[in-house]
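These notes concern the structure reproduced below.
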Amino acid sequence: MKPGSVRIAHVSDVHFGKIAAPDVVDALVADVHASGADLVAVSGDLTQRALPRQYAAARDFLARFEAPVIVVPGNHDVYAWWRPAGRLLNPLRRYRQYVTEDLTPSVRLEGLSVFGLNSATGWTVKGGHVRPADRLRMTEFFKAAPEDDFRILVVHHHLTRVRALGPHDVARNAEDTLDAAVACGVDLVLCGHLHISHIEPIEIVPADHRLVIASAGTATSSRGRRQHRKSNFYNVVTVEAESFRVEERLFDPDAGSFRAEMETSFSRGAASATV
Ligand SMILES: [Fe+2]
Ligand SMILES: [Fe+2]
């Protein structure tokens with residue numbers, strides 16, 4: 039880990055096709071830029087219905103970030119149900135065409151290893167599924183990472199139930215994927231899908247490992263849920279030598295900009311969080 043710090047902007051569920059307000063996308067790009075992010079992690083649902091014009095908007099959006107971007111797809115990024123053949127045979131064809139061919143992306147910065155898992159398939163409706171081969175790639179990537187690296191996994195769907203979020207979807211084989219993430223020392227999972235902003239540390243017994251789940255709200259769409267209905271959030275993660283923190287940033291429509299809503303801090307490697 040380098041002496042300074044490294045900063046990651048975590049953006050999710052942008053949902054081009056359901057943008058909440060004309061200025062929210064510009065405000066998000068400006069806020070990410072002002073945060074000084076070294077990396078932008080986008081955890082899926084770039085589009086509302088995987089339509090070409092929505093993907094074109096998503097592609098242009100991703101190109102606006104100055105920092106490198108790591109991106110994974112969400113369930114809304116596969117062909118919609120009225121395109122059953124495409125949905126089953128090549129569900130992410132447009133994602134590959136407009137966004138990236140790489141469905142197991144990874145990034146290494148000094149002191150930081152980040153891996154992205156695809157959980158969006160054509161045959162699950164909402165819950166998602168991680169392919170065993172992709173899980174293996176994740177394990178190999180983290181095994182090869184320097185021992186002291188902070189490890190981040192980016193995935194659209196949740197890998198475990200978070201009680202505070204009430205009943206919610208998890209990936210079908212979430213347990214296997216979570217076990218693999220724990221075995222390779224993942225410190226932080228950046229996910230989305232639920233459109234509720236929530237940060238929670240999870241104790242994995244008996245592995246004696248704590249990982250933090252950062253569930254991002256929808257960054258720009260009108261699809262916020264429950265307590266975050268009509269709200270837009272994204273996260274700024276700052277990783278330092280001994281600690282890390284997640285700042286949830288909320289869009290203020292009156293100001294036309296994002297502002298800090300809550301910050302949660304954790305010591306690195308310790309079993310409990312300091313909030
Ligand atoms: Fe979504
Ligand atoms: Fe989703």
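So the sequence shown is numbered by this note's numbering: it starts at 39 and just counts up by one. Backbone N, C-alpha and C fix where the C-beta goes; we use that ideal spot for every residue, glycine too.
Restricting to Cα atoms, I'd like to know which of the options is closest to residue i.
i: F54; options: A72, A218 and D115; result: D115
i: H247; options: A254, P239 and M300; result: P239
i: R287; options: V80, L191, S73 and A123; result: S73
i: L226; options: R131, A279, L249 and N273; result: L249
i: Q135; options: T256, R175 and R97; result: R97
i: G317; options: V208, S259, W120 and A257; result: This structure cannot settle anything about residue 317, because the visible part of the chain is limited to 39 through 313.
i: R210; options: L203, G204 and H194; result: H194
i: L174; options: L147, P184, E139 and L216; result: L216
i: R132; options: L155, D83 and G154; result: D83
i: A158; options: Y117, F180 and T198; result: Y117
i: Q86; options: G154, H231 and R169; result: H231
i: R189; options: L126, N128, V277 and F271; result: V277
i: Q265; options: P184, G255 and Y272; result: G255
i: G112; options: H71, R297 and A88; result: A88
i: A95; options: Y272, I251 and K56; result: K56
i: T138; options: H71, I242 and Y93; result: Y93
i: K181; options: A75, R125 and V152; result: V152
i: R297; options: N273, S305 and G307; result: N273
i: G307; options: E301, I242, R263 and R267; result: I242
i: H206; options: A218, N156 and H233; result: H233
i: H71; options: I251, P170 and R45; result: R45
i: V63; options: F271, A279 and E301; result: F271
i: E301; options: V284, P291 and W120; result: V284
i: R169; options: P184, A212, A183 and F179; result: A212
Note down, in chain order, each residue of its chain lying with its Cβ closer than 8 Å to the Cβ of residue i, except the 5 sequence neighbours on either side.
i: S295; result: A65, A68, D69 and F289
i: A221; result: T177 and A245
Report the CB separation of residue i from residue j in whole angstroms; it is logged as a contact under 8 Å.
i: S269; j: S303; result: No, S269 and S303 are not in contact; Cβ-Cβ is about 23 Å, not under 8 Å.
i: H167; j: V200; result: Not a contact, Cβ separation roughly 19 Å.
i: V110; j: S81; result: 6 Å
i: L150; j: D186; result: Contact doesn't hold; Cβ gap of about 10 Å is too wide.
i: V275; j: H48; result: 6 Å
i: A58; j: T258; result: 6 Å
i: L130; j: L141; result: 7 Å
i: S253; j: L203; result: 7 Å
i: W161; j: L127; result: With a Cβ gap of about 11 Å, W161 and L127 do not count as contacting.
i: A123; j: D76; result: Between D76 and A123 the Cβ distance is about 41 Å, and since that is not below 8 Å, they are no contact.
Put residue i into one of helix, strand or coil per three-state DSSP.
i: A309; result: Unreliable placement is indicated for A309, whose pLDDT of 41 sits below 50; the coordinate value is still reported in the next sentence. A309 falls in the coil class under three-state DSSP.
i: E139; result: coil
i: L84; result: coil
i: P314; result: Since the first and last residues shown for the chain are 39 and 313, residue 314 lies out of range.
i: D187; result: coil
i: L249; result: strand
i: F180; result: helix
i: Y117; result: coil
i: H236; result: strand
i: H53; result: coil
i: E285; result: strand
i: S295; result: strand
i: E301; result: strand
i: L197; result: coil
i: V243; result: coil
i: D225; result: coil
i: R267; result: coil
i: G260; result: Reading off the sequence shown, one finds Ser at residue 260, where the question assumed Gly. Of the three classes helix, strand and coil, the one that applies to S260 here is coil, per DSSP.
i: S73; result: helix
i: V44; result: strand
i: D214; result: helix
i: A158; result: coil
i: L130; result: coil
i: R169; result: coil
i: V220; result: helix
Between which residues of its own chain and residue i is the CB-CB distance below 6 Å, once the five residues before and five after are set aside?
i: L100; result: V107
i: G42; result: none
i: F103; result: V78
i: H314; result: Because the chain spans 39 through 313 in this model, residue 314 falls outside it and cannot be assessed.
i: E299; result: E286 and L288
i: G154; result: I108, V110, P143 and V192
i: D61; result: G294
i: V52; result: L84, A257 and T258
i: S305; result: S281
i: A171; result: none
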